[in-house]
Amino acid sequence: MTLGGFDLQAVLAATAPEARALAGKLAEHVERELLVKLEGELQAAEMEQFLNDYGASVAHRYQFPERMARQLGGELLLLRLPEQLDTAHAIAAMRQDGRVRLAEANHIVHSYGYVEPAQEPGGRTHPEPPGGTSQEPPARTHQEPTARTQQEPVLPDDLHEQQWNLRNTGQTDGKPGADISATQAWTLTTGRQDGPIVAIVDSGVDYRNPELAENLWTNPAETEDGQDNDGNGLVDDLHGGNFITGSGDPMDDSGHGTHIASIIAARGNNGQGMAGINWQGRLMPLKFLERSGRGSIADAIKGLAYAEQQGARITMNGWGTDVQNQALFEVMKASSALHICAAGNDGYDNDTRPIHPASFPLDNVIAVAATDHNDQFIKFSNRGHNSVDLAAPGRKVYSLTLDNEYKLLGGTSTAAAHVAGVAALIASRYPEATNDQIRTRIFSGVDPLPKNSDRVATGGRLNAFKALEEDSVPPASPADLWISQVGAQDVELSWTGTGDDGTTGQATRYELRYASRPIVDGEAREGQVPFKEATPVPTGTPRAPGSAESARIRVSPSGKDRKLYFALRAVDNVGNNSPLATTEALLPAAKVVHEDSFDAPESGWSKEGEWARVPEPGRGLVWTDSPESDYQNDINHSITSQPISLKGVRGAKLHFDTRFTIEPDHDGCHVEVYGKKFWGTRWRKEVTLEGFSDWKNMTVDLSDYDGQEIKMRFRMETDSSRTAYGVQVDNVVITRES
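What follows is the structure, encoded as structure tokens:
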């Protein structure tokens, strides 16, 4: 087929090897459907030509608000392919088409529901509260306390005895206090009827249930009259949408979305059933999962686009896949909402086997693991010291399902629903709070889990009361920050511990960063670095105020004396930051044989494949194997140095800065040296980078190559399944002992 100068058969023939390789490793997807992002916005005639070239038709044209569309930077389409063109061949061909920025399969995702046997007392559909239905509801007020002291807990008349997740007194043989402190949080707010819209991107919601009906969002531009009043393509979308059928009816047919919705905002203090985290709220059901829990990413994106158009503040995503879908990533990144995501129910470490969207490294994504009534991690729950943010109750949680029934259910989607509920409480109490401020409140307010602190980034489990606390007093600045030791490659900093409110109480964490230029809080002028762009350094958990604190930093050496600048601040449990404490150190020159920061206009390194130098905030230019998206399957590409002389050198060592997310045991970035060792001269692997690491400095012993001329390379090698974000490399230095 040759149309307008485009010869499809010739393109298919040229890309056949790539198509064959891709066909064998495509994850579960909808065959002959492609998510495609075009370069810019094609005119009508150009669009028609593009579709004719492939014999494709537009199954859906995504509409986004103007701000979001600008950030996406190209039109996103769902294309339907002709019978004679399969998914793999179309992707391979379109990746060579200059009109296409992105082409990928419409991948399948699955819900993270883990259903456990119902243990409902007496089999009641609408259980009585403890003490019977004649119990008088507790007096409550919506006036918010000004003091920071904890108030008497608020107990709604429908708080069921099995809702240990909200108030755990040991009633289910669990650990008292292993809950989210909801009854204390309700002394501050119980939500608002005009509060933030929470989009339940799931299997729909049973919107007829009296526990949920009063807490549904209502579309102000739609009327139930069989017409599409607001012109968004959905008829009678009064409360949400169904993106499987393209209708305005998001009725749940599996119960999963209803379960999620009831945790977030079942009507509270109404004398029946259960209490949601928000007694009042605005739930927006967006159905894209089938009854089986299966759904497509194309339909999920339809739901996310609808949520953005209608002003959803929070989205709840109890589903996922182990496949990185770039279209979903870009849509979530461009969205203004805060996305709460289940970490997954496979028992994996997401640091090494990412689950998406939970593992997307985005500032508007929160990944949630699951714990039980003893504050123990559940075996099925995924974890990740770097990639999963916090834990929340996710086993045998009393909740609503279909047909007005209540069951004990669990999963990381259950856990994520608790975080979504608390995020909604925060946005109700603090309507101007940004995504970052909501995240900080949630993360800083967790209850520590000492035995499981390495399983999530915050080391803790959700606490609603701490996340809502009114606290305008920041920690005092650690004003005596000083350099206690310094060498060519190591710096030790010391300071006196500060508090939560000034010097009172215990700070939640310290944030320490360094850079090659002075670090400032807020906007930086020329010659400065903003704090958020400087390189972070682990500091450990703060001790009591007045304690001696310290941290050691290891950096790449340099052949010149140089200054490094350091900035430290304390953070309290609601995210208040202390003023910055700053200092600087003069690091002596090391004995350097070779040094490359990669910032020069011309790089002395040759490259293969996608490797490129890209700007990295606070660092200048760095090399990366995957500048546009995740690395690809079945690649073997490298960057290679020019020859480097080690003649007359004794005790050579290689130093470099790196960060990476690479599937372990299957993919890796090999650090290799070409030279003579033992009886042969060839490339040899010295170390392999795999798994997950934020920026760190690494050292490799090269003394076996003393006296030779060598070359170095960083070689990315991947297998035929799974991909991740790849590797970045900076500041490559070779030193000598003498």
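Per this note's numbering, the very first residue in the sequence shown carries number 332; after that it's consecutive. Glycine included, C-beta positions come from ideal geometry on N, C-alpha and C.
Would you say residue i and residue j are within 8 Å of each other, going by their C-beta atoms?
i	j	result
ASP488	ASN600	yes
VAL787	ASP720	yes
LEU620	HIS587	yes
PRO507	GLY535	no
ASN713	TYR679	yes
VAL367	LEU408	yes
ALA358	HIS420	no
ALA758	SER512	no
GLU1021	GLY999	yes
LEU1033	LYS984	yes
ALA746	ALA798	no
PRO688	GLY725	no
LEU412	LEU343	no
MET1047	ASP956	yes
VAL902	THR839	yes
If you draw a straight line from the C-alpha of residue i to the C-alpha of residue j, how long is it?
i	j	result
GLY776	PRO806	15 Å
VAL886	VAL923	14 Å
ASP338	PHE381	12 Å
ALA698	VAL750	9 Å
LEU433	GLN859	36 Å
ALA755	ILE769	9 Å
PRO1045	GLY336	Note that residue 1045 is Phe in the sequence shown here, rather than Pro. Each residue's Cα considered, the two are about 40 Å apart.
TRP1072	ILE970	The requested residue 1072 does not occur in the structure, where the chain is confined to residues 332 to 1069.
ASN1062	ASP821	15 Å
GLN837	PRO873	7 Å
THR464	THR549	With a pLDDT of only 28 at THR464, under 50, the local geometry of the prediction cannot be trusted, and no value is derived from it.
ASP767	GLY715	21 Å
GLY742	ALA865	37 Å
GLY604	LEU490	8 Å
ALA673	GLN973	46 Å
GLY830	ASP630	48 Å
ASN609	ASP961	38 Å
THR1087	LEU669	Residue 1087 cannot be examined here, being either before or after the span of the chain that is shown, 332 to 1069.
PHE395	ILE632	10 Å
LEU731	GLY522	19 Å
Under the three-state reduction of DSSP, which class applies to residue i: helix, strand or coil?
i	result
SER775	helix
VAL662	helix
ILE1065	strand
PHE691	coil
LEU365	strand
GLN963	coil
ASP680	strand
VAL1060	strand
PRO348	helix
ASN656	coil
LYS978	coil
LEU412	coil
GLN474	Annotation note: pLDDT 33 at GLN474 (below 50); position unreliable, coordinate value reported separately. Reduced to three states, the DSSP call for GLN474 is coil.
GLN466	With a pLDDT of 30 at GLN466, under the threshold of 50, the predicted position of this residue should be treated as unreliable, though the coordinate-derived value follows. DSSP places GLN466 in coil when its eight states are reduced to three.
ALA668	coil
ILE697	strand
LEU985	strand
HIS420	helix
SER784	helix
ALA673	strand
ALA387	coil
Across which residues does DSSP place residue i in a beta bridge pair?
i	result
GLY371	GLY405
ALA943	THR955
ILE850	VAL860
PHE395	Paired residue(s): none; PHE395 is not in a bridge.
ALA1074	Since the displayed the chain opens at 332 and closes at 1069, residue 1074 lies outside it and no answer follows.
ARG990	GLN1059
ASN437	VAL361
ILE686	Note: ILE686 sits in no beta bridge, so no partner.
TRP650	SER442
SER937	THR971
Contained beta strand (DSSP E) runs [length at least 3] in the region 786 to 846, N- to C-terminal order
813 to 817, 821 to 827 and 840 to 846
Kindly provide the ranges of any alpha helix (DSSP H) runs that are 4 or more residues long and lie completely inside the region 999 to 1055, ordered along the chain.
none
Considering only residues of the region 699 to 776, which uninterrupted beta strand (DSSP E) runs meet the minimum length of 3 residues and lie entirely inside it, listed in chain order?
Whole beta strand (DSSP E) segments, 3+ residues: 721 to 724, 728 to 731 and 737 to 741.
Unbroken stretches of the beta strand (DSSP E), 3 residues or longer, contained in the region 861 to 932
866 to 868, 879 to 885, 893 to 902, 912 to 918 and 923 to 927
Uninterrupted alpha helix (DSSP H) stretches inside the region 479 to 564 (no shorter than 4 residues):
513 to 516 and 541 to 544
Which full runs of the beta strand (DSSP E) of 3+ residues lie inside the region 555 to 641, going along the chain?
613 to 618 and 625 to 627
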